[in-house]
Amino acid sequence: MPLMIEDPVDGPKGQALWTRADAVLPGGGIYLSRSADMAGRGVLPGFIVAAEGCRITDPDGRRYIDFLSANGPNILGYRHPEVEAAVARQAERLTSASMFPDTLVEVIERLLARFPGFAWGVVSKNGSEVVSLGARVARQHTRRRGLITFTAAYHGSDPELATLPQPGPLTELTGDVWRLPWNDPQALVDHCRAHGEASAAIILNPLDQNPRHPTVAPTTDFIAAIEQVRAQHDVQLVFDDVRHGFRLHPEGSHKGLGLEPDITTFGKALGNGHAISALLAREHLRRAARKIFYTSTYMFEATPMAAAMAVLEIYDRDRVFDHIVAMGQRLCDGLAAGAAKAGHAVDISGPPTMPTLLFANDEDGARQRRFAREAAARGALLHPALNWNLSGAHAPADIDETIAIAAEAFALTPPA
Ligand SMILES: Cc1ncc(COP(=O)(O)O)c(C=O)c1O
Numbered sequence: 263m264p265l266m267i268e269d270p271v272d273g274p275k276g277q278a279l280w281t282r283a284d285a286v287l288p289g290g291g292i293y294l295s296r297s298a299d300m301a302g303r304g305v306l307p308g309f310i311v312a313a314e315g316c317r318i319t320d321p322d323g324r325r326y327i328d329f330l331s332a333n334g335p336n337i338l339g340y341r342h343p344e345v346e347a348a349v350a351r352q353a354e355r356l357t358s359a360s361m362f363p364d365t366l367v368e369v370i371e372r373l374l375a376r377f378p379g380f381a382w383g384v385v386s387k388n389g390s391e392v393v394s395l396g397a398r399v400a401r402q403h404t405r406r407r408g409l410i411t412f413t414a415a416y417h418g419s420d421p422e423l424a425t426l427p428q429p430g431p432l433t434e435l436t437g438d439v440w441r442l443p444w445n446d447p448q449a450l451v452d453h454c455r456a457h458g459e460a461s462a463a464i465i466l467n468p469l470d471q472n473p474r475h476p477t478v479a480p481t482t483d484f485i486a487a488i489e490q491v492r493a494q495h496d497v498q499l500v501f502d503d504v505r506h507g508f509r510l511h512p513e514g515s516h517k518g519l520g521l522e523p524d525i526t527t528f529g530k531a532l533g534n535g536h537a538i539s540a541l542l543a544r545e546h547l548r549r550a551a552r553k554i555f556y557t558s559t560y561m562f563e564a565t566p567m568a569a570a571m572a573v574l575e576i577y578d579r580d581r582v583f584d585h586i587v588a589m590g591q592r593l594c595d596g597l598a599a600g601a602a603k604a605g606h607a608v609d610i611s612g613p614p615t616m617p618t619l620l621f622a623n624d625e626d627g628a629r630q631r632r633f634a635r636e637a638a639a640r641g642a643l644l645h646p647a648l649n650w651n652l653s654g655a656h657a658p659a660d661i662d663e664t665i666a667i668a669a670e671a672f673a674l675t676p677p678a
């Protein structure tokens with residue numbers, strides 16, 4: 263089943279931008295997660311020039327209902343007016359400063375109040391930075407080097423934690439990282455029996471969510487094994503809530519799993535498109551953290567901190583979690599019905615706020631890409647290689663329009 267790459271979704275302006283981009287960007291793995299190449303060149307628009315609510319506009323002026331939310335951040339919708347107003351107010355007063363901005367203290371206080379049990383926090387820019395910082399704090403505290411994580415778990419672009427094979431000498435950087443099978447309590451217990459005294463931390467995502475496989479939640483036995491090895495071997499639990507934070511449980515995904523991690527990390531949705539991530543940790547780790555040198559020029563930018571405080575307020579006030587659950591469920595139900603009507607066997611997994619749709623018997627993903635291309639050509643961005651992210655800006659009418667577009671896209675996708 264050939265994919266119609268000769269008929270790309272990009273219009274003439276988008277195609278011209280690709281020509282320029284190919285000349286000045288390295289390509290390959292660099293920027294891959296945001297490159298339309300991840301979906302297959304031409305399947306989705308390669309460039310976005312504007313975004314508002316849940317709609318994005320490409321360089322040729324074509325508009326799409328967006329279900330990526332910029333790979334997660336835009337939990338309230340693009341350019342939420344109250345968030346943008348908070349950022350503008352902060353910018354009138356202070357952006358970056360020579361000493362701590364007062365906003366730094368305020369945002370960490372708000373985060374600690376919002377996610378009880380943690381004693382101190384650090385804010386940064388991206389998820390990768392705070393997850394890796396969490397690993398450093400755990401190592402410093404335990405005086406051990408080993409990290410435990412799970413087979414396909416993504417924890418950011420730090421080469422040590424990379425899931426994609428790293429080239430040449432970079433491979434050696436993963437030497438202290440053990441990747442164990444997900445949902446295999448015995449493997450974890452056995453590993454810690456042998457290497458517990460060398461293991462600083464378990465780095466844990468709340469779900470095994472790899473877009474080429476159905477999403478798998480942790481079993482209660484697996485969670486119990488995590489608790490067991492923490493208690494027996496003093497292995498620290500570094501929770502990676504960068505992707506799922508605010509979309510699985512309003513009080514942090516760890517709450518949904520009944521876990522009280524030593525460290526948790528947020529990114530993406532925290533700033534609704536403004537660059538801020540956060541690490542929150544328990545008191546016993548404060549001494550270790552004090553020994554670590556960690557800084558960057560723009561970590562102290564006050565405007566994303568103002569954005570985060572506005573996000574926390576609006577998210578609770580507007581019951582955004584309940585809304586995205588309802589909209590996600592409506593979308594999943596509509597897509598399941600549309601697929602069945604067109605004779606497709608599909609698997610829709612993951613929480614309704616972050617669903618993954620997979621076609622049966624589609625090992626090379628060609629059917630998935632064809633569906634995504636036909637949906638994009640009709641105005642809905644349903645990425646074929648990343649989970650989708652619902653936002654507060656998705657209204658029932660946007661979901662219903664998407665379901666109607668998807669019905670056409672399913673009809674144009676040859677069944678298995
Ligand atoms: C689970 C998880 N951890 C960490 C990261 C890294 O975050 P960032 O891309 O902001 O560095 C991501 C990004 O997708 C993620 O999904």
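Just so we're aligned: the sequence shown equals residues 263 to 678 in the working numbering. Ideal Cβ placement from N, Cα and C applies to all residues, glycine included.
*asked:* Checking the sheet assignment: what are the DSSP bridge partners for D328?
replied: Stepping through the sequence shown from its first residue, residue 328 is reached at position 66. According to DSSP, which records beta bridges pairwise, D328 is partnered with L643.
*Taking 7 Å as the cut-off, is the CB of G291 close to at least one heavy atom of ligand 1?*
One-based indexing of the sequence shown puts residue 291 at position 29. Incorrect: G291 has no Cβ contact closer than 7 Å to ligand 1.
*So the beta strand (DSSP E) A462 belongs to, where does it begin and stop?*
Counting from one through the sequence shown, the residue named residue 462 turns up at place 200. It spans S461 to L466 - the beta strand (DSSP E) in which A462 sits, taken as one unbroken run.
*Span separating the alpha-carbon of R544 from that of G507*: As a first step, residue 544 is located in the sequence shown; it is residue number 282 there, counting from the start. As a first step, residue 507 is located in the sequence shown; it is residue number 245 there, counting from the start. So the alpha carbons of these two residues sit roughly 18 Å apart.
*Beta-carbon proximity list for G458, same chain, < 6 Å, skipping 5 on both sides*: For the purposes of this step, residue 458 is identified with residue 196 of the sequence shown, where counting begins at 1. So the qualifying residues of the chain are H495.
_I'd like to confirm something about S297: is its beta-carbon nearer than 7 Å to some heavy atom of ligand 1, or not?_
By 1-based counting over the sequence shown, the position of residue 297 is 35. It does not: the Cβ of S297 is nowhere closer than 7 Å to a heavy atom of ligand 1.
*Same chain only: Cβ atoms within 6 Å of G308, ignoring 5 sequence neighbours per side*: The count along the sequence shown starts at 1 and reaches residue 308 at position 46. Once the five neighbours on either side are set aside, the close Cβ partners of G308 are D272, G276, W280 and A298.
_Using 8 Å for Cβ pairs, my map puts I667 next to G641. What's the rounded Cβ distance?_
Position 405 of the sequence shown, counted from the start, is the residue given in the question as residue 667. Position 379 of the sequence shown, counted from the start, is the residue given in the question as residue 641. Indeed they touch by this definition, with Cβ atoms about 6 Å apart.
*Residues bridged to I410 [DSSP beta-bridge criterion]*: On the sequence shown, position 148 is the one that residue 410 refers to. W440 and I464.
_Proximity test, Y416 beta-carbon vs ligand 1 heavy atom, cut-off 7 Å_ = The count along the sequence shown starts at 1 and reaches residue 416 at position 154. Checking the Cβ of Y416 against ligand 1 gives yes.
*For S331, which option in T615, R632 and V393 has the closest C-alpha, if you only look at C-alpha atoms?*
Here residue 331 refers to the residue found at position 69 of the sequence shown. Answer by Cα proximity: T615.
*Compute the Euclidean distance between the alpha carbons of L619 and P476, then round it to the nearest angstrom.*
One-based indexing of the sequence shown puts residue 619 at position 357. One-based indexing of the sequence shown puts residue 476 at position 214. C-alpha separation (whole angstroms): 8 Å.
*By how many angstroms is the C-alpha of A638 removed from the C-alpha of G324?*
In the sequence shown, the residue the question calls residue 324 occupies position 62. In the sequence shown, the residue the question calls residue 638 occupies position 376. According to the sequence as given, residue 324 is Arg; it is not Gly. The straight-line gap from Cα to Cα measures roughly 10 Å.
*Reference S390; option with closest CA among E422, A353 and A479*: Sequence index remark: in the sequence shown, residue 390 carries index 128 (1-based). Nearest C-alpha to S390: E422.
*Taking buried to mean at least 16 other C-beta atoms within 10 Å of its own C-beta, is D320 buried or exposed?*
Numbered from its first residue, the sequence shown carries residue 320 at position 58. Buried, because 16 or more other Cβ atoms sit within 10 Å of the Cβ of D320.
_Tell me whether the segment 354-373 and the segment 512-519 touch, counting them as touching only if at least three CB pairs, one residue from each stretch, are closer than 8 Å._
no
*Determine the direct distance from the alpha carbon of A449 to that of R296, and round the result to whole angstroms.*
Your numbering for residue 296 matches position 34 in the sequence shown. Your numbering for residue 449 matches position 187 in the sequence shown. Roughly 34 Å between the two C-alpha positions.
_Validate contact between the segment 388-404 and the segment 590-600 using beta carbons, cut 8 Å, 3 pairs_ = no
*asked:* Measuring only the C-alpha atoms, how far is M561 from D420?
replied: To locate residue 561, count along the sequence shown from 1; it is residue 299. To locate residue 420, count along the sequence shown from 1; it is residue 158. Those two C-alpha atoms are separated by around 17 Å.
*Element boundaries [alpha helix (DSSP H), containing Q494]*: Numbered from 1 along the sequence shown, position 232 holds the residue referred to as residue 494. Note, Q494: alpha helix (DSSP H), T482 to H495.
*What are the boundary residues of the beta strand (DSSP E) that includes E563?*
Translated into the one-based positions of the sequence shown, residue 563 becomes position 301. Here E563 belongs to no beta strand (DSSP E), and DSSP marks it neither H nor E.
*Which value, in whole angstroms, describes the spacing of the CA atoms of I610 and V497?*
Here residue 610 refers to the residue found at position 348 when the sequence shown is read from its first residue. Here residue 497 refers to the residue found at position 235 when the sequence shown is read from its first residue. Approximately 35 Å, taken between the alpha carbons.
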